[in-house]
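Asks:
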Amino acid sequence: MAMLETSARLLKLLSLLQAHRDWSGPELSTRLGVSTRTIRNDVERLRSLGYPVHATPGVAGGYRLGAGAALPPLLLDDEEAVAVAVGLGRAAGGGVEGIEETSVRALAKLEQVLPSRLRRRVSALNAYTVQIPGNAPSVPPEVLTTIANAARDHEGLRFDYTGHEGEASVRNVEPHRLVHRRGRWYLVGYDVDRDGWRTFRVDRVRLRTPSSGPRFTPRELPGDGDLVAYVEKGLNTAMWRYRATVLLHAPAERMRELPLGLEVEPVDEGTCLLKLGGDDVNGIAVWIGFIGVDFEVLDPPELAEHVLRLSERYRRAVSDR
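Numbering (full-length UniProt numbering), first residue to last: 1 to 321.
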C-alpha cells in the first residue's frame, strides 16, 4: 500500500510540475499533504526516472521541471490527451512551417498508447470535422514556442516587425496571448514603446537575439477579454482606406447582430453609433442601406456625398410612379 501511495503521489507531483513553471517546497507540501522532506525525496525519485527537476535554494527558491537530454514520459489527463491528438491531426494539415510530417509521426505514437475510449473520441472528431485549407504563410514552430513561453513566463519580447505596407520597426512587447484566426497566427501584446495594445502577425515577426526582455506584470486583456473579437476587429480595420461613423436610429441591442468586428456604441435608448469602414465609400453607402434603419452620416464627408447621390438615383428610379 505504501508503494502504491508513493507512486500515486509521484504522478501527482509530476502533474503539478508540468502544469506550472515554479513551485515552492511549502506549496507542493500543502498540495500533496506531505512534509517538505517527503517532497525532497520525491523530487530525487523523479530525477532517477529521468525527469530533470531543478531546485533553487533560499526563501525565493523552489522547484522547476527543466529540459533534459532525452524526453521523459509526459503525463496527460484524458482531456489533454484528446486535445493534443486533435491538435496534431490539424497540424498535419499545415499552418506551421515544416510540421506536417512531424505531426503525423507524433500522432501515430500517441494513438498507439491512447485508451480505446479516447481513441474513439479522437476518431470521431477527426472524421466529422472538415478543415478548410488556406494559403496563409506558415510560421516556424520555434517562433511560436518562444512567444508562447514568453507569455507564460511573463517575459518581454524583442523583435523586428514588418507592417502591412512593408515598413520595418523594432518592437519591445509584453506578450499575452497567441490567437489563430483565418489561417494565420497573431500575437496580442502590449507595445511598451508605443504605450498601447497591438496585434502582430507572427509570420512577420523576426525574433532578435537575445529575444527575451524584462519580466512584466500581466495586464487586463483588451476587448473585455474576448481576444477573438479583438483580433477580428483589428483585421477588419487595419487595411481600411475610409473609416466612417454613422448614427443609427435604432437601439444598440437591436444592432448587436451586425457582423463581428463592427463597433456599436449606445447613445440613448433609441439610437447608437456604428463605426465601420472600407476601401470604397460607395460600397459602404450601399451596405449601410442593407441594415434597414434610418441613419445619419457623421463622418467622413465623402460618405455623405455618396449617400446623397445614391438617394437621388433611387428617387429617379421611381419618379414616374
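Where a beta carbon is used, it is the ideal one built from N, C-alpha and C, also for glycine.
Where does Leu-298 fall in DSSP's three states?
Replies: Leu-298: strand per DSSP, three-state reduction.
Asks: Pull up the CB-CB distance for Leu-227 and Phe-159, whole angstroms please, since I reckon it's below 8 Å.
Replies: So it is not a contact: roughly 20 Å between Cβ atoms.
Asks: Could you check if Val-267 is buried or exposed, using at least 16 other CB atoms within 10 Å of its CB as the buried criterion?
Replies: So Val-267 counts as exposed.
Asks: CA-CA distance, Pro-52 and Asp-77?
Replies: Each residue's Cα considered, the two are about 21 Å apart.
Asks: Do you know offhand how far Val-264's Cα is from Pro-26's?
Replies: C-alpha separation (whole angstroms): 50 Å.
Asks: Excluding the 5 residues flanking Phe-216 on each side, which residues of the same chain have their C-beta closer than 7 Å to its C-beta?
Replies: Excluding residues within five positions, the ones whose Cβ falls inside 7 Å are His-154, Gly-156 and Glu-174.
Asks: Applying the 10 Å Cβ sphere with the 16-neighbour rule, what's the burial state of Arg-171?
Replies: With 16 or more other Cβ atoms within 10 Å, it is buried.
Asks: Within this structure, are the beta carbons of Tyr-230 and Val-192 separated by less than 8 Å?
Replies: Contact: no.
Asks: What are the partner residues of Gly-62, as DSSP defines its beta bridges?
Replies: Paired residues: Thr-56.
Asks: Got a sec, what are the start and stop residues for the beta strand (DSSP E) Leu-274 sits in?
Replies: Unbroken beta strand (DSSP E) run through Leu-274: 272-278.
Asks: Name the DSSP beta bridge partners of Thr-38, please?
Replies: Paired residue(s): none; Thr-38 is not in a bridge.
Asks: In the structure shown, what three-state DSSP assignment does His-180 receive?
Replies: Reduced to three states, the DSSP call for His-180 is strand.
Asks: Given this structure, state the Cα-to-Cα distance separating Gly-277 from Gly-289, to the nearest angstrom.
Replies: So the two alpha carbons sit approximately 14 Å from each other.
Asks: Measuring alpha carbon to alpha carbon, tell me which of Thr-36, Pro-57 and Tyr-63 ends up nearest Arg-47.
Replies: Measuring from the Cα of Arg-47, the nearest candidate turns out to be Tyr-63.
Asks: By alpha-carbon positions, which one of Arg-219, Thr-145, Arg-254 and Arg-181 ends up nearest to Arg-201?
Replies: When each option's Cα is compared against that of Arg-201, the closest is Arg-181.
Asks: Any chance the region 239-248 sits against the region 290-302, with 3 or more Cβ pairs inside 8 Å?
Replies: The answer is yes - the region 290-302 touches the region 239-248, with three or more Cβ pairs under 8 Å.
Asks: Report all residues from its chain with a CB closer than 8 Å to the CB of Ala-35; omit the five preceding and five following residues, and keep chain order.
Replies: The sequence as given places Ser at residue 35; Ala does not occur at that position. For Ser-35, where only same-chain residues beyond five positions count, the Cβ hits under 8 Å are Ser-29.
Asks: Short check: CB of Arg-152 to CB of Tyr-190, under 8 Å?
Replies: Not a contact, by the Cβ cut-off of 8 Å.
Asks: I'd like to check one pair, Ala-285 with Val-318: are the Cβ atoms closer than 8 Å?
Replies: No; because the gap between Cβ atoms is not below 8 Å, this pair is not in contact.
Asks: Figure out for me which residue from Thr-38, Asn-282 and Met-255 has the closest Cα to the Cα of Leu-10.
Replies: Of Thr-38, Asn-282 and Met-255, the residue nearest in Cα terms is Thr-38.
Asks: Measuring straight from C-alpha to C-alpha, what distance separates Arg-254 and Leu-273?
Replies: Going by the C-alpha atoms only, they are around 12 Å apart.
Asks: Considering only DSSP beta bridges, list what Ala-168 is partnered with.
Replies: DSSP lists Thr-162 as partners of Ala-168.
Asks: Less than 6 Å between C-beta atoms, sequence neighbours within five positions excluded: which residues of the same chain meet that for Gly-169?
Replies: Residue identity check: residue 169 is Ser in the sequence provided, not Gly. Closer than 6 Å at the Cβ level, and outside the excluded window around Ser-169, lie Tyr-161.
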